[in-house]
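**Q** The structure that follows is given in the form of structure tokens.
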Amino acid sequence: MYTSRKTNDGSWKDVAEYESNYKENFEHEFTGLDNAKTYRVVESVSGYEPQYQKTTEDGKVVIVDKIDNDNPKTLKPTTPKVVNGGRRFVKTDSEDTPNRLAGAEFYVKDSTGKNI
Numbered sequence: 003m004y005t006s007r008k009t010n011d012g013s014w015k016d017v018a019e020y021e022s023n024y025k026e027n028f029e030h031e032f033t034g035l036d037n038a039k040t041y042r043v044v045e046s047v048s049g050y051e052p053q054y055q056k057t058t059e060d061g062k063v064v065i066v067d068k069i070d071n072d073n074p075k076t077l078k079p080t081t082p083k084v085v086n087g088g089r090r091f092v093k094t095d096s097e098d099t100p101n102r103l104a105g106a107e108f109y110v111k112d113s114t115g116k117n118i
């Protein structure tokens, strides 16, 4: 997944996304960008941690992926029937296997220990 972001009053705002798959070369060109604005591209590949290296004078960026063996592969949560907040979670049976636990229930707490 590639996400193009632009600066917006000191913070970054997503402008466009492109989802690539393993059969592609993991290349994408964002078009229609305003030359007067500053943009950045954020790459997220499940199981990899990107390292960004600026290599040319014309601003081309090379992204070198480092395999991330410390964290389990992320799963994309399914859309819930009822949405009460802005977060979705997937409960799995372990860090090593992505088997979803159907009907699993758990509580999410904030930093004070209060259920949210």
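The sequence shown begins at 3 in our numbering and counts up by one.
Ideal Cβ positions, reconstructed from N, Cα and C, are used throughout, including at glycine.
1) Would the beta-carbon of Glu-19 fall within 9 angstroms of that of Ser-6?
2) Look at the alpha carbon of Thr-40 and the alpha carbon of Lys-78, and state the distance between them as a whole number of angstroms.
3) Here's a check: name, in chain order, each residue in its chain whose Cβ is nearer than 8 angstroms to the Cβ of Gly-115, leaving out the five neighbours to either side.
4) Kindly indicate which residue of Thr-9, Glu-45, Asp-95 has the alpha-carbon position closest to the one of Gly-105.
5) Hey, would you say Lys-93 sits closer than 9 angstroms to Leu-103, going by beta carbons?
6) Which residues does DSSP list as the beta-bridge partners of Glu-19?
7) Name the one or two DSSP bridge partners that Ser-117 has.
**A** This is what the structure gives:
1) On the sequence shown, position 17 is the one that residue 19 refers to. On the sequence shown, position 4 is the one that residue 6 refers to. Closer than 9 angstroms, so yes.
2) Translated into positions along the sequence shown, residue 40 becomes position 38. Translated into positions along the sequence shown, residue 78 becomes position 76. Each residue's alpha carbon lies about 30 angstroms from the other.
3) For the purposes of this step, residue 115 is taken as the residue at position 113 of the sequence shown. Closer than 8 angstroms at the Cβ level, and outside the excluded window around Gly-115, lies no residue.
4) The residue labelled residue 105 in the question sits at position 103 within the sequence shown. Residue Asp-95 is the option with its Cα nearest to Gly-105.
5) On the sequence shown, residue 93 is found 91 positions in, with the first residue counted as 1. On the sequence shown, residue 103 is found 101 positions in, with the first residue counted as 1. Result yes, Cβ atoms of Lys-93 and Leu-103 sit closer than 9 angstroms.
6) One-based indexing of the sequence shown puts residue 19 at position 17. DSSP lists Thr-5 as partners of Glu-19.
7) The sequence position of residue 117 within the sequence shown is 115, counting from 1. The sequence given here places Asn at residue 117; Ser does not occur at that position. Lys-111, per the DSSP bridge assignment.
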